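Structure, as structure tokens:
Have a look at this one:
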């Protein structure tokens with residue numbers, strides 16, 4: 001993999017899960033997406049180039065729920081019924097709040113940018129319960145610390 005096309009919220013999720021103690025990601029047989037493959041590549045190669053997108057990325061494309069866009073319904077976030085619409089909202093917020101553009105970032109650079117402005121996580125996941133976002137925040141910081149210290 002020369003570079004990875006990735007939604008910014010997927011990157012944050014990878015680092016968050018790494019912070020929760022997952023060191024090797026395994027395939028999701030049910031959904032068929034490549035979260036595990038991309039996550040392992042990022043964890044193993046912190047200098048891998050990432051190209052940000054709000055559309056389908058290298059994780060989504062092989063998923064059973066992806067047909068030019070995510071067709072997975074959403075029921076737990078008030079005001080949203082489509083995971084595709086909600087995820088695009090999250091990714092647009094991340095790009096704006098962290099002042100990201102469409103250039104390439106290494107995984108290490110992107111992790112540092114987000115870590116340096118960690119409080120924005122609460123604005124990105126504004127619709128979620130504060131306890132859920134607090135947990136995401138703490139696990140992301142643990143993951144970022146572990147990820148950046150391993151380099």
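Numbering (the UniProt record's numbering), first residue to last: 1 to 151.
The C-beta atom is built at its ideal place from N, Cα and C for all residues, glycine as well.
This structure is a prediction, so every number in the text was calculated from the model and none was measured.
8 Å contact criterion, which residue 83 and residue 72 should meet: CB distance rounded: 4 Å
Helix, strand or coil at residue 30 according to DSSP, with G and I counted as helix: coil
Alpha-carbon to alpha-carbon, residue 147 and residue 51: 19 Å
Option in 3, 7 and 2 with minimal Cα separation from residue 93: 7
Nearest-angstrom Cα separation, counted from residue 2 out to residue 132: 34 Å
Proximity to residue 24 [Cα-Cα], best of 139, 69 and 35: 35
Segment contact flag, the region 7-16 with the region 39-48, C-beta cutoff 8 Å, min 3 pairs: yes
Those runs of the alpha helix (DSSP H) which lie wholly inside the region 71-137 and span at least 4 residues: 83-97, 107-116 and 121-124
Beta-carbon proximity of residue 122 to residue 137, cut-off 8 Å: yes
Rounded Cβ spacing between residue 78 and residue 127 (contact assumed at less than 8 Å): 6 Å
Spatial distance of residue 76 from residue 55 (CA atoms): 21 Å
heavy atom of the ligand NAP below 7 Å from residue 53 C-beta: As for the ligand NAP, it is missing from this structure, which has no ligand bound.
Residue 51 - containing beta strand (DSSP E), residue span: 49-52
Element boundaries [beta strand (DSSP E), containing residue 6]: 3-6
Contact under 8 Å by Cβ, residue 109 with residue 141: no
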